[in-house]
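A.B. asks: Numbering-wise (full-length UniProt numbering), the sequence shown opens with residue 1 and increments by one.
Glycine residues also receive a C-beta, built at the ideal position from the N, C-alpha and C atoms.
On a predicted model such as this, the values are computed, not experimentally measured, just so you know.
This is the structure I have questions about; it appears just below.
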Amino acid sequence: MPDLEYIAHYPEYLKDQIRHLVQVEKLGAYLLSKYPTTHNLTSDKALYAYVMEIRTEFLRKSEPITKVLYDGRINDINDALGLHRVTIKNHGGRLRSKSEIRVATLFKNTPESFLKMICVHELAHLKEREHNKAFYALCEKMEPSYHQLEFDVRLYLTHLDLFGKLY
């Protein structure tokens, strides 16, 4: 039985259910039944507009975002599916900061819910740098089913590792 590294910290009863789905090769069918379609936000421009829409609704007073893009160099091997980076430069005696969000290109062809979960996660880092209670409360405020989506993304990554692309 393969190691289920993406869900290793979940309770044993959940891991047993996932192991069963993997053994009978029904994990993909399970995911497709919950998330049958993919989004059409495949360009960086569309991704930027999507993220800015979420930011405008929930984080108006947060620091500005200068760039949002898909990044092919991000992969789950580095334990990252998205990155939030702030750079501060001294420009003529004044400090200027730039904030950017990068999303792994694997989310170009996934359900919108998966993309939203990653975007919400990275946007939450604008206010909360650490993964603490306040961080996850903010994620849930922006996406009420955040924790379920995070679990389902982990299942999708497990499927990718074991069986290849689903979408």
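(1) For the structure I just gave you, are there three or more beta carbon pairs, one from the segment 111 to 123 and one from the segment 41 to 51, closer than 8 Å?
(2) Rounded to the nearest angstrom, how far is the Cβ of residue 38 from that of residue 111, given a contact under 8 Å?
(3) Counting C-beta neighbours from all protein chains within 10 Å, is the total for residue 63 16 or more, i.e. buried, or is it exposed?
(4) Who are the Cβ neighbours of residue 84 in its own chain at under 6 Å, not counting the five residues just before and after it?
(5) Ordered along the chain, which non-local residues of its own chain (more than five positions away) have a Cβ less than 7 Å from that of residue 6?
(6) Between which two residues does the beta strand (DSSP E) harbouring residue 70 extend?
(7) Going by DSSP, name the residue or residues bridged to residue 55.
(8) Could you say which of 149, 139 and 104 lies nearest to residue 59 if we only look at CA atoms?
(9) Should residue 93 be counted as a contact of the ligand ADP given a C-beta to heavy atom distance under 7 Å?
(10) Using C-beta distances below 8 Å, list every residue in its chain close to residue 74, excluding the 5 sequence neighbours before and after it, in chain order.
(11) Cα separation between residue 41 and residue 47?
C.D. replies: In this structure, then:
(1) yes
(2) Mapped onto the sequence shown, residue 38 falls at position 38. Mapped onto the sequence shown, residue 111 falls at position 111. Their Cβ separation, rounded to whole angstroms, is 6 Å, which keeps residue 38 and residue 111 in contact under 8 Å.
(3) Here residue 63 refers to the residue found at position 63 of the sequence shown. Note on residue 63: under 16 other CB atoms within 10 angstroms of its CB, so exposed under the neighbour-count rule.
(4) The residue given as residue 84 occupies position 84 in the sequence shown. Hits under 6 Å: 101, 122 and 125.
(5) In the sequence shown, the residue the question calls residue 6 occupies position 6. Excluding positions up to five away in sequence, the list reads 154, 157 and 158.
(6) Looking up residue 70 in the sequence shown gives position 70. It spans 67 to 71 - the beta strand (DSSP E) in which residue 70 sits, taken as one unbroken run.
(7) Residue numbering aside, residue 55 sits at position 55 when the sequence shown is read from its first letter. In DSSP, residue 55 forms no bridge with anything.
(8) In the sequence shown, the residue the question calls residue 59 occupies position 59. The residue with the shortest Cα to Cα distance from residue 59 is 139.
(9) Here there are no bound small molecules, and the ligand ADP is not part of this structure.
(10) Stepping through the sequence shown from its first residue, residue 74 is reached at position 74. 80, 81, 82, 83, 102, 103, 104 and 105.
(11) On the sequence shown, position 41 is the one that residue 41 refers to. On the sequence shown, position 47 is the one that residue 47 refers to. The C-alpha of residue 47 is placed about 6 Å away from the C-alpha of residue 41.
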